[in-house]
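Notes to accompany the following structure.
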Amino acid sequence: MKVEAKQAAHAAAAQRTGADLLIESLMNEEVDTIFGYPGGAVLPIYDAIFRSKAPFQHILSRHEQGSIHAAEGYARISGKPGVVIATSGPGATNLVTGIADAMMDSLPLVIFTGQVARSVIGTDAFQESDIMGITTPITKHNYQVQSIQDLPRIVKEAFHIASTGRPGPVVVDIPKDISAGFTEDENYDTEFYLPGYQPTTKPNPLQINKLADSLSKSKKPVILAGAGVLHGKSSEELKSFSTKHSLPVATTLLGLGSFPGISPLSLGMAGMHGTYAANMALHECDLLINIGARFDDRLTGNLKHFAPNAKVAHIDIDPAEIGKVVPTDIPIVADSKEALTQLCLQDAPSPQHEEWVSTLKAYKEDSPLWFNNPEQEMCPQWLIKAIHKITAGDAIITTDVGQHQMWAAQYYTFTNPHQWVTSGGLGTMGFGFPAAIGAQLAAPHKDVVAIVGDGGFQMTFQELSVLQERGLPVKVIIVNNGALGMVRQWQEEFYEKRYSESLLTVQPDFVKLAESYSIRGIKIETQEELVSTLPSVFAYKGPVVLDCRVLQQENVYPMIAPGKGLHEMIGVKP
Amino acid sequence: MKRIITATVQNRSGVLNRVTGLLQRRQFNIESISVGRTEMDGISKMTFVVEVEDSQKLEQLTKQLNKQIDVLKVSDITDKAIVARELALIKVVSTGKLRNEIQGIIDPFRASIIDVSKDSFTVQVTGRPEKIEALIDLLRPYGIKELARTGMTAFLRGQQPQVTEINSFSLLK
Chain X
1 MKVEAKQAAH AAAAQRTGAD LLIESLMNEE VDTIFGYPGG AVLPIYDAIF
51 RSKAPFQHIL SRHEQGSIHA AEGYARISGK PGVVIATSGP GATNLVTGIA
101 DAMMDSLPLV IFTGQVARSV IGTDAFQESD IMGITTPITK HNYQVQSIQD
151 LPRIVKEAFH IASTGRPGPV VVDIPKDISA GFTEDENYDT EFYLPGYQPT
201 TKPNPLQINK LADSLSKSKK PVILAGAGVL HGKSSEELKS FSTKHSLPVA
251 TTLLGLGSFP GISPLSLGMA GMHGTYAANM ALHECDLLIN IGARFDDRLT
301 GNLKHFAPNA KVAHIDIDPA EIGKVVPTDI PIVADSKEAL TQLCLQDAPS
351 PQHEEWVSTL KAYKEDSPLW FNNPEQEMCP QWLIKAIHKI TAGDAIITTD
401 VGQHQMWAAQ YYTFTNPHQW VTSGGLGTMG FGFPAAIGAQ LAAPHKDVVA
451 IVGDGGFQMT FQELSVLQER GLPVKVIIVN NGALGMVRQW QEEFYEKRYS
501 ESLLTVQPDF VKLAESYSIR GIKIETQEEL VSTLPSVFAY KGPVVLDCRV
551 LQQENVYPMI APGKGLHEMI GVKP
Chain P
1 MKRIITATVQ NRSGVLNRVT GLLQRRQFNI ESISVGRTEM DGISKMTFVV
51 EVEDSQKLEQ LTKQLNKQID VLKVSDITDK AIVARELALI KVVSTGKLRN
101 EIQGIIDPFR ASIIDVSKDS FTVQVTGRPE KIEALIDLLR PYGIKELART
151 GMTAFLRGQQ PQVTEINSFS LLK
């Protein structure tokens, strides 16, 4: 009897394929959502998904780029790795933009790509591409599975690497004979040992003391909060630290929401299109405490003029970021939560800096963000403010790159850490809409608004199918100025108005486009129309595409021209 | 400035590509690179000679290398007491008559002739890169048909002398 049972178990085990092991591994990682697109080299995996009663949903995008940006949105909002499956060759190469985007913005992704069978790898087989070679420079790590036995361990390693330390994308390339191959072995050792990957999370106490000491002596301290605060889930600690010493906080574009924008200590966003107060704070400070920001050039402006009088403290989990761009006086390699907790525990005296705080307050009051608002036509900044109002500042906002992104960053005041999904580092057009799909899946009960440009939306709007198919109530707001707005703005300012290929004179009818996917589409041309329409749009429990016609000639201000320092902003006042 | 960097890595496929690709996209110029197995199973060692602008770039180089999952340890050994060797094979044009003369040139370098044909012979030489350069310079007038160098491989000496002036032990400055 016992022998028979054993044989039966053995027979059952013999039926398991590499793909079955993959599904089991995904279940072990408690994956609930997979974004993907099937194809020849992943047919065994899709067959295993079909056969399994796995407790996860598979979201079929209409282009692999849609899958991966959705996974990025999902990862940003859920804090868990986004999981993507694509086939070999063209499927895998269609992911490249999203992988590079996730790498730049440190988003955890685990990407499974199909590969041709091992026996034909290297022969230019049908749908073969060297995805290891292609993705090596744009991943945190990548693997090609060489034996079925290794698969469970590799999946575990991939999730670990993607989601710990500085998060990032990990590619696992699976040859078809591995996913289709049978295995009889039942004992898989998923224990792994990565001696070359041991992220430092605890700060060095000496450096923490040094920072506390510098802070107590500082007359003009400022905090620069980046996405590292969001990844480290340390917004509360940041608030405590800032409140304890009345420290003003500027955020980076990706750090929006890490500190409540409504706080009196908030200076808003710093950088190229940041607020005057935030940029002047960075310029005039004597102590700059950077928490989880990487001193991107769009933030610093010309490095020659960056924080000229400041002692720089930099807290980052990635040691390579410290000193990469700006020389650092106090380097702290640590998780933002650990570092901020330690800093809050320090009993060094607070800085004497009342004068500084009131100077910054005056900057805020005297030079706020501004725009002209003609009554007849719709101005895009006003549009963002209207969306802020109707959603009570609590919606999840996703964007592409460009003018609409900057207006959303400037005029949607973010108060909590899980509201803002944008393509910062890579500046990817076509990101915002699929990212909204991922964000909505991660947060089904939140209002999710994709603020997109008419240019970027046309890069990935095929994902409207997913909204319809899944009944996702994403609200798509097209800030339609009939142009590649930021390109147009730069041509106006730096190329003497030679609008080379930046005006989109031929547009689809976005309303009919939405309707063709059975989605409500509404065209809005005036402020009045918007005011009367928005309540019903947000009361409606389904998806809506709002084609908002805004002024074409509106530009994003204030601005720091290329090559200029943070103190050389233009357009600060009307 | 020229630096000698060693990296201990896990011997997995693609590691070399990962490391050289990283150096390339961060704009570091590799002068030479040599890779081979070590005394430990599955562990290889790479020795790079790189030209870097300043100490800030150097720090970035070692930090970026360290970030790689398969890289276990990165050391800049330029200013330490080290043993460093390179091997070169030099094929020299020669008729029989000149061979004795050339033998006289290569002897002080403790180089040896490891292949002879009708119109050429091959010299093998090992040593520090300057020594190899010197021998190549001496052989060049005879006509070098082919030259192959392995790139430097190096590690720390068994004992590091107690010194205050570490630069005096620098090999390349």
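Top to bottom, those sequences are chains X and P.
The first sequence begins at 1 in UniProt numbering and counts up one residue at a time.
The second sequence begins at 1 in UniProt numbering and counts up one residue at a time.
Idealized CB from N, CA, C, for every residue including glycine.
Specify, as a first and last residue, the run of the beta strand (DSSP E) that GLY114(X) falls within. 109-115
Proximity to SER214(X) [Cα-Cα], best of MET280(X), PRO349(X), VAL249(X), MET103(X): PRO349(X)
What number of angstroms, rounded off, separates the C-alpha of ALA408(X) from the C-alpha of VAL401(X)? 10 Å
Length at least 3, wholly inside the region 58-88 of chain X: the beta strand (DSSP E) runs in chain order: 82-86
Am I right that LEU109(X) and VAL84(X) are in contact with their C-beta atoms under 8 Å? What's the rounded C-beta distance? 6 Å
Does the region 56-63 of chain X come close enough to the region 27-38 of chain X that 3 or more CB-CB pairs lie under 8 Å? yes
Thinking C-beta only, is ALA320(X) closer than 9 Å to LYS63(P)? yes
State yes or no: is the beta carbon of GLN124(P) nearer than 9 Å to at least one beta carbon in chain X? no
So, with DSSP's three-state summary, where would you put SER218(X)? coil
Spell out whether any CB of chain X is found under 9 Å from the CB atom of THR29(P). Looking at the sequence itself, residue 29(P) is Asn, so the reference to Thr does not match. False, the Cβ-Cβ gap to chain X never drops below 9 Å.
Using a Cβ-Cβ cutoff of less than 8 Å, which residues in the same chain neighbour LYS156(X) once the five nearest sequence positions on both sides are dropped? SER25, ASN28, GLU29, THR190, PHE192
Neighbourhood of ILE114(P) by C-beta distance below 6 Å, restricted to the same chain and skipping five residues each side: THR122, GLN124
May I ask you to verify whether the region 38-48 of chain P touches the region 557-569 of chain X, counting CB pairs closer than 8 Å and requiring at least 3? no
Once you ignore the five residues that flank GLN60(P) on each side, which residues in its own chain have a CB closer than 8 Å to its CB? ARG26
Three-state secondary structure (DSSP) at ILE43(P)? strand
Of the choices GLY226(X), HIS273(X), PHE433(X), LEU265(X), whose alpha-carbon is the least far from that of ASP335(X)? GLY226(X)
With DSSP run on the structure shown, which of helix, strand or coil describes ASN309(X)? coil
Touching by the beta-carbon criterion (3+ pairs, under 8 Å), the region 114-126 of chain X and the region 73-83 of chain X: no
Under the three-state reduction of DSSP, which class applies to MET1(X): helix, strand or coil? Low local confidence applies: a pLDDT of 45 at MET1(X) is under 50, so the model's placement there is unreliable, and no value is given.
List the residues of chain X whose Cβ lies closer than 9 Å to the Cβ of ASN17(P), in chain order. MET132, GLY133, THR136
Residues bridged to LYS244(X) [DSSP beta-bridge criterion]: Beta-bridge pairing links LYS244(X) to no other residue.
From the DSSP output, which residues share a beta bridge with PRO331(X)? HIS314(X)
Listed by chain order, chain P residues near LYS324(X) by CB distance under 7 Å: GLN60
Helix, strand or coil for SER13(P)? Go by DSSP, reduced to three states. coil
Determine the direct distance from the alpha carbon of LYS219(X) to that of VAL357(X), and round the result to whole angstroms. 10 Å
Per DSSP, what are the beta-bridge partners of TYR143(X) in this structure? VAL172(X)
Going by beta carbon distance, what residues of the same chain come within less than 6 Å of TRP382(X), once the five residues before and after it are set aside? ASN373
With the cut-off set at 9 Å, would you say THR200(X) and VAL312(X) are in Cβ contact? no
When you compare each of GLN207(X), ASN209(X), GLY292(X), ILE208(X) to VAL249(X) by their alpha carbons, which one comes out closest? GLY292(X)
Proximity to GLY89(X) [Cα-Cα], best of MET104(X), MET132(X), LEU60(X): MET132(X)
Under 9 Å between beta-carbons, which chain X residues line up against LEU72(P)? List them in chain order, please. PRO195, GLY196
By how many angstroms is the C-alpha of ARG12(P) removed from the C-alpha of ILE178(X)? 19 Å
Here's the rule: buried if 16 or more other CB atoms are within 10 angstroms of the residue's CB, otherwise exposed. What is GLU515(X)? exposed
Assuming ALA7(P) and VAL83(P) form a contact by the criterion Cβ under 8 Å, report the distance between their Cβ atoms to the nearest whole angstrom. About 17 Å separates the two Cβ atoms, so there is no contact after all.
How would you list, in chain order, the residues of chain P whose beta-carbon sits under 7 Å from the beta-carbon of ILE141(X)? A small correction: the amino acid at residue 141(X) is His; Ile does not occupy that position in the sequence shown. Neighbours of HIS141(X) on chain P, chain order: ILE69.
Taking just the CA atoms, how far does PHE182(X) sit from GLN15(X)? 6 Å
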